[in-house]
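One structure is given below, encoded as structure tokens.
Residue numbers (the working numbering): 32 to 305.
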């Protein structure tokens, strides 16, 4: 498919809480943002605004949340966070718009994520472009280390995508980036193996992630690793990605608290894919 092309929106680190403040006005949100660098209590309102603008104006082929959909997923309060987050998304986003999710460290326990969102390692295709969603794991004293099988499944999924894509555009999504090592990937050896697998494939496969909140762009060899800024933290961003055989173009949308909407920043990132 020589004209393979996909436009999709990435949202990361929403940190949604069920007992936040819904249905605020733009003036009310602006007044509260003056006192907070992170605003999980405002996501009930701001996420709804963002999704509505994305669906009505950006019109992507799909939306991907790259982890930490909720502020915490444990216990009954954590279950409520997940349930209300899913309800908000389904209320705003048409059933015809595909929405995908990566598992973040705050979305655990993983069993709950799997029950509510489906698999944490999987692949899909859109308009001739190939995508894989990976699970970066998250060591925590309460849960212990993740099983090696989780990372082996991710590497197998990545290898499958590289084979099936066969020269067509491809990208990977994950919560913790495998690069740089300090980004927080639970198993650096797994991250190193993923990076080597991409390098040895002889092609570029953008890796899109979250977790850091502040955003970061790295290039290893010819391969871009794009770490998106969080929706929950100033400047409350989301991203439009345009993927083709020739390259990946990334547009950043930043929140204007006076208008209660997001504006596309003039600067864009362009990665030529080899």
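Glycine included, each C-beta is placed from N, C-alpha and C at the ideal position.
(request) Kindly give me the distance between the Cβ atoms of residue 46 and residue 101, rounded to whole angstroms, as I take these residues to be in contact under 8 Å. (result) 7 Å
(request) Please say whether residue 181 and residue 225 have beta carbons closer to each other than 9 Å? (result) no
(request) Decide yes or no for the touch test of the segment 234 to 246 against the segment 84 to 98: beta carbon pairs closer than 8 Å, at least 3 of them. (result) The answer is yes - the segment 84 to 98 touches the segment 234 to 246, with three or more Cβ pairs under 8 Å.
(request) To the nearest angstrom, report how far apart residue 259 and residue 209 are at their CA atoms. (result) 14 Å
(message) Could you pull the DSSP bridge partners for residue 42 from this structure?
(response) Residue 42 is bridged to 96.
(message) On the DSSP letters alone, give me the boundaries of the beta strand (DSSP E) that residue 75 sits inside.
(response) No beta strand (DSSP E) holds residue 75; the alpha helix (DSSP H) holding it covers 74 to 84.
(message) According to DSSP, is residue 159 part of a helix, a strand, or is it coil?
(response) coil
(request) Closer than 7 Å by C-beta to residue 234: which residues in its own chain qualify, once you throw out the five before and the five after it? Chain order, please. (result) 305
(request) Identify which residue in 35, 64, 247 has its Cα closest to the Cα of residue 267. (result) 64
(message) Tell me which residues share the same chain as residue 134 and place their Cβ nearer than 7 Å to its Cβ, disregarding the 5 neighbours each side in the sequence.
(response) When the five nearest sequence neighbours on each side are left out, the beta carbons in the same chain lying within less than 7 Å of the beta carbon of residue 134 are those of 98, 141, 144, 151, 166, 206, in order along the chain.
(request) Let me know if residue 250 comes out buried or exposed under the rule of 16 or more other beta-carbons within 10 Å of its beta-carbon. (result) exposed
(message) Whole angstroms are fine: how far does the CA of residue 236 sit from the CA of residue 168?
(response) 21 Å
(message) Restricting to runs no shorter than 4 residues, where is the alpha helix (DSSP H) found entirely within the segment 88 to 134?
(response) 106 to 123
(message) Relative to the C-alpha of residue 92, which candidate in 130, 278, 146 has its C-alpha closest?
(response) 130
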